[in-house]
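Protein chains in written order, with our numbering: chain B, 121 to 542; chain H, 11 to 438; chain Y, 1050 to 1494; chain A, 5 to 226.
We put the beta carbon where it would ideally sit given N, CA and C, even for glycine.
Structural data, given as structure tokens:
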């Protein structure tokens, strides 16, 4: 097993090293106590009260969640505040634990496919792809070209819908009463209509099979997709016009929840959160899987690493996804092969061994690690869930900000509790 | 910062305001303009995928969404419209693949030989735990199980969500309507396989139970076939069935008398009554009654009482006075017994699901109704068994009376009637 | 109302009841009327808001109960009434019980000075404007009671936020109105409206303009800036987005209302919507002429009024209807703007809200008061106050010069203050890390 | 009419006195503050009854709307709100003594006024031509800037000084306040402390290079 080694095939900006490199940052995570500093400084001599306890304020512990409107599921944050300033924040989760990995070890490989839909219920297609890739790697199943194109198309659509939803929820957390969320949901519904056409279900798609996808795109799919591609830039432009330069949003987002890039690497966050911190790490570029090496697209990165950067990176990623989809629409008719490898069987029985497959899911690096003992059921099944890993720096990111910023920072991380708790 | 990389570049997103031209507060006004545009555009419908304005609400109960063919909600079973034969052969593929393990089925057996038949006896899907993954429809080699488009399944009664075969059955024409191209792809193969399977299905096994008239027609067909065959002159007296479908004794008695008359007219030898053990009586009283009657008949050494015909059938359809009639009565009794057995298994569910059956499935009548009626009555297994045992004992006694040797061979099974049994009787 | 009742009882029936009885009867009648109107306003506004914001979000909104969903608020009200009223075990029962009453009562009292049409004012207080805001500040006490009595941290936080916000934003609201008070020289709301007759130019400033009821203060630079500031402050007072921090559901659940259920919760809701209605109405009254509009003045001149006792009551009726129509149209238009803002803006953070109020709005209103003084000096003052250079100007010229000067002052002040405010906001988050260097070194060892 | 006014006056006076009594007797501090607000409100109503509308409104605006809120905020900063288990400062005969002394002091102030006042109720109608009483806003303002200008200015300066003082204290308090560094600030500070930062990465790590070989399947499955 050599999967722990992260490769950085892209030139990194100055000052960014490999994950565990610079500045003696090892272990500099939430285990340490946060630094609280009180500087005693008397600006007006003689006016200062000598008694330090006189203005001492009391720390207050608040439970935000598990029943709270903006914790994105059953998630609890144990917040210690001084006034409105956060001194400490402990994320508490596990309320949605469903024993996913253990269940998966009781099921056959194919039977797990619908369960992966339920991990991150916003991006079932991406989950399917990661799992299908892992099993294909393990069992050595070839995927025809056309199937790969269809898969990439679906995952890029998923990325758009996830970001549309995530930005909507972020703005909703900021207090804009669901307007952007409704707009995002409108686009999401269109994409879900496409998913429904192809796979039969809107959210729990269960569309991917080992060696391809379950059925080919129906004839009415492509015209609809082309129509959608007309609406998509208009939607993103409108989103930018509505919010990008909105002074209130900028006040709420700029400089809030900064995650410096060295620490982002040290926390091993991935996805838009990492890219928002300025690290150009995208698995689609770093380790092109599927047919991603055939498309032109850019990797947007932020410069500061705050909520605003993550917001902008997501907007830009929607544009890039749309670019990829346009290229797919062009190239798909020429793709060879059918929608599924005809030799792929339903009941895979991979040889003894293990495999780790990872993709750039909309939320970050989604990996499936499978160990086979030669039986039709996985011996070990492990999910590397981006929501879970991206949640780890939450406590540190919130420290020093206000209570109202917590929900914004949480929203900018974009978690789905189904994936965090599994 | 932009860095060229392979097929693309790394772009640093541009932060903040793009232009310094603006008065403070202009960003807010921009946002208001966007919202205004949506408000002003909301007095028309959303035009489609390339439109980002206009109301995009579906006013649901009035306005139904157009579902794509591939849409899948819950699994259903298909049967052929013409022959009313179910496509399912109970190959257990779906039961095996189902991730949450909510599909259960039993295979049908030939009543005469006890061998398995490529048809399904009972098929249960727990809709409440089904995750609509569609694997069952995918793996089905006979295209018998398909995914339905019906999604309004909400109910206050949790029990309703355990669904039995009567409620799962849909005609092929229904599926063809909701998914024409998907059915067209598989139609030929599926129909060919079905034709092959029909040949291997004796009697009315494998026919959709909710198609009463079809089954009746098939029975008539079988009847004709049986009449054409030169059967020995020892038609089986109908076994005294251990259960009765209707609590109304009058109808039962009428039927019994008619059957007995018919048998007498035929002047056949005495056939010991046989109680099918597998048949669960719908009603304790009726079961006892039947048992007592069977006993009496055995003692008398006369023709036993014929099975009470299905309540729903008019008296005019009562057995005609010849040996054909006796056979028919036997078959009917057997079928009724089998159905009652199924019916009593699914007792709590069937009756109410039958009411919720969508219009696509023809309303159950005849046999199905009787089954449903039987189901509404509390099925008391103990009483049924008791009755069966009593009937058997009575039969043995009758056999011991030296009337015929066929009695010991008749087990508690349902396969006593018909020409085979009477052949045996004749031989011995 | 006194006149009507008096006329009815003493003149028509000839009963000759004493004056105080008639006063009592007429006041009771007015009070009953207003108490009936207020909840219906609230019911309608909730429906109106939900429909409007749904349209902004490409939805339809409530459309099931009654025609076009009109009965939806009634259904909600029935739901409220039938809900269980829960008082937390640790709550201060009496204070918990009294808090909604204390919140609702002032909003009802505020109706006392609101003129609905020409001659249709319950009480014409000579300090009506001040009364309006003095009374509205009482509801802050109720909010604080709710927060303190609930023994819930979210409720406490919400109450503190609400009260801090209300107290802070009262200052810009009152100061912005002060500019208008300077223009008219009265605190009586009725006189404020009467001063807004005319045609784009207040008839008080330029005598002889035709009375079309359009001499609204919004058409003066002073009034415009005052209106902007007042409306922003009203948003904060009424807890509307972007200032709905006290009940920011994504942060502190429902603020001070967290522990309330049933009709007590409904009372808070009622108070909030009635307050919003009143704030919109008062904005319409002060800056948009209230019931003033084309035709009302002409009709009222022919109606029975203290100035014209020989008028025709039909004109009373017509003027009343037209006036009420104008007022409600303006009020609902403002409420639509409130809804519009709710659909378009995220909410501010609580410290940003305070900064915005204290560091931007209050300086702006102070500048506006200066420009109001300039306006008054240029238009009204003469040699006796020491202003001699305007002596020979025609009224129109005076008006034009005043307009230009105050506009320039206000725009410059707005841009400059916005820049300064933005710079201060940008500066605020920054800290000098080197100050902390030693402490951190000590902490690390 | 006069009877009605007297009845109303009686009610308001009862409210004021009753509320004032409750303020000092109630144990719960918050309840005391709320009774105090009721007392303020009664005083405002009394002003209204005296046709001093402006004063009444200002009383409500300032006392009910602002001062009472201030008091409640101050109470929120105290630890013990309910007052249970709080030992009273004085008790028994000493309490009565304290009350007597207070009453005496109050009497010293009030009795001469009561005795010297001519109690002709109702007030005689003012002869026509006398100016309005000093309740109107305009008169009040005029009096402030003509008659009592010095006092007005002194009061203004005093308030300004108090405001500045409050700001100074607040600033000092802010400087003294515990500051929690955010992650980015802490990181920046650590970087500065560790200056110069160690540049080279630990050996064995792959050097960043464009298009490094992706992890191959075989490598993964070894």
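{"query": "For the stretch 98 to 112 of chain A against the stretch 70 to 79 of chain A, are there 3 or more C-beta pairs whose distance is under 8 angstroms?", "result": "no"}
{"query": "Which of the three DSSP states, helix, strand or coil, is assigned to residue 493(B)?", "result": "coil"}
{"query": "Would a check of beta-carbon distances place residue 1212(Y) closer than 9 angstroms to chain A?", "result": "yes"}
{"query": "Which residues in chain Y have a C-beta closer than 9 angstroms to the C-beta of residue 372(B)? List them in chain order.", "result": "1395, 1396, 1397, 1398 and 1401"}
{"query": "Using the Cα positions of residue 217(H) and residue 355(B), report the straight-line distance between them to the nearest angstrom.", "result": "54 angstroms"}
{"query": "If we ignore side chains and look at the alpha-carbon of each, how far apart do residue 380(B) and residue 532(B) end up?", "result": "15 angstroms"}
{"query": "On a Cα-Cα basis, can you pick out the residue from 199(B), 275(B) and 189(B) that is closest to residue 441(B)?", "result": "275(B)"}
{"query": "Output yes if chain A places a C-beta closer than 9 angstroms to the C-beta of residue 157(B); else output no.", "result": "Note that residue 157(B) scores 49 on pLDDT, short of 50, meaning its location in the model is unreliable; the coordinates nonetheless yield the value given after this. It does: the Cβ of residue 157(B) has a partner Cβ on chain A nearer than 9 angstroms."}
{"query": "Round the Cβ separation of residue 1341(Y) and residue 1246(Y) to the nearest angstrom and send it over; I've been treating them as touching at under 8 angstroms.", "result": "6 angstroms"}
{"query": "Among 377(B), 318(B), 485(B) and 372(B), whose alpha-carbon lies nearest the alpha-carbon of residue 344(B)?", "result": "318(B)"}
{"query": "From the DSSP output, in three-state form, read off residue 1287(Y) for me.", "result": "coil"}
{"query": "Below 8 angstroms, is the gap between the Cβ of residue 1195(Y) and the nearest heavy atom of the ligand ADP?", "result": "This structure does not include the ligand ADP; it has no bound ligands of any sort."}
{"query": "Give the residues from the stretch 200 to 212 of chain B that approach chain A closer than 8 angstroms (Cβ to any Cβ), ordered along the chain.", "result": "202, 205, 206 and 207"}
{"query": "Please report the residue range of the alpha helix (DSSP H) in which residue 1076(Y) lies.", "result": "1068 to 1105"}
{"query": "Note down, in chain order, every chain Y residue with its Cβ under 9 angstroms from the Cβ of residue 145(A).", "result": "In chain order: nothing, as chain Y lies at least about 11 angstroms away."}
{"query": "Below 9 angstroms on C-beta distance, what does residue 1105(Y) contact in chain H?", "result": "45, 46, 48, 49 and 52"}
{"query": "Spell out whether any CB of chain H is found under 9 angstroms from the CB atom of residue 1294(Y).", "result": "no"}
{"query": "Using 8 angstroms as the Cβ pair cut-off and three pairs as the minimum, do the stretch 1383 to 1398 of chain Y and the stretch 1367 to 1374 of chain Y touch?", "result": "no"}
{"query": "Go through its chain and collect everything with a Cβ distance to residue 484(B)'s Cβ below 6 angstroms, but skip five positions before and after it.", "result": "390, 391, 506 and 510"}
{"query": "Assuming residue 1211(Y) contacts residue 1304(Y) (C-beta within less than 8 angstroms), just tell me the rounded distance between them.", "result": "6 angstroms"}
{"query": "Given that residue 16(A) touches chain Y, what residues does it touch there, using C-beta distances under 8 angstroms?", "result": "In chain order: nothing, as chain Y lies at least about 16 angstroms away."}
{"query": "Go through its chain and collect everything with a Cβ distance to residue 1188(Y)'s Cβ below 6 angstroms, but skip five positions before and after it.", "result": "1152 and 1155"}
{"query": "Against chain H, with Cβ distances strictly below 9 angstroms, would residue 513(B) count as a contact?", "result": "no"}
{"query": "Which runs of the beta strand (DSSP E), 3 residues or longer, sit entirely within the stretch 84 to 155 of chain H?", "result": "85 to 89, 113 to 119 and 126 to 136"}
{"query": "To which residues of the same chain is residue 1192(Y) closer than 7 angstroms at the C-beta, ignoring the five residues directly before and after it?", "result": "1152, 1208, 1211, 1212 and 1305"}
{"query": "Quick one: grab the DSSP three-state call for residue 249(B).", "result": "helix"}
{"query": "Please name the residue in 367(B), 270(B) and 316(B) whose C-alpha comes closest to that of residue 40(H).", "result": "367(B)"}
{"query": "DSSP state of residue 541(B), grouped into three classes?", "result": "helix"}
{"query": "Is the CB of residue 284(B) under 9 angstroms away from at least one CB in chain H?", "result": "no"}
{"query": "Of all the residues that make up the stretch 219 to 251 of chain B, which are near chain A by a beta-carbon distance shorter than 9 angstroms?", "result": "none"}
{"query": "Which residues mark the beginning and the end of the alpha helix (DSSP H) in which residue 1018(Y) is found?", "result": "Given that chain Y is displayed from residue 1050 to residue 1494, the structure contains no residue 1018(Y) and the question cannot be resolved."}
{"query": "Going by the CB atoms, is the gap between residue 197(H) and residue 321(B) shorter than 9 angstroms?", "result": "no"}
{"query": "Apart from the five residues on each side of it in sequence, which residues of its chain come closer than 6 angstroms, Cβ to Cβ, to residue 48(A)?", "result": "60, 63 and 64"}
{"query": "What's the call for residue 1459(Y), buried or exposed, on a 16-neighbour Cβ count within 10 Å?", "result": "buried"}
{"query": "Please classify residue 1107(Y) as buried or exposed, where buried requires at least 16 neighbouring CB atoms within 10 angstroms.", "result": "buried"}
{"query": "Which residue wins for smallest C-alpha separation from residue 226(B), given the options 495(B), 534(B) and 528(B)?", "result": "495(B)"}
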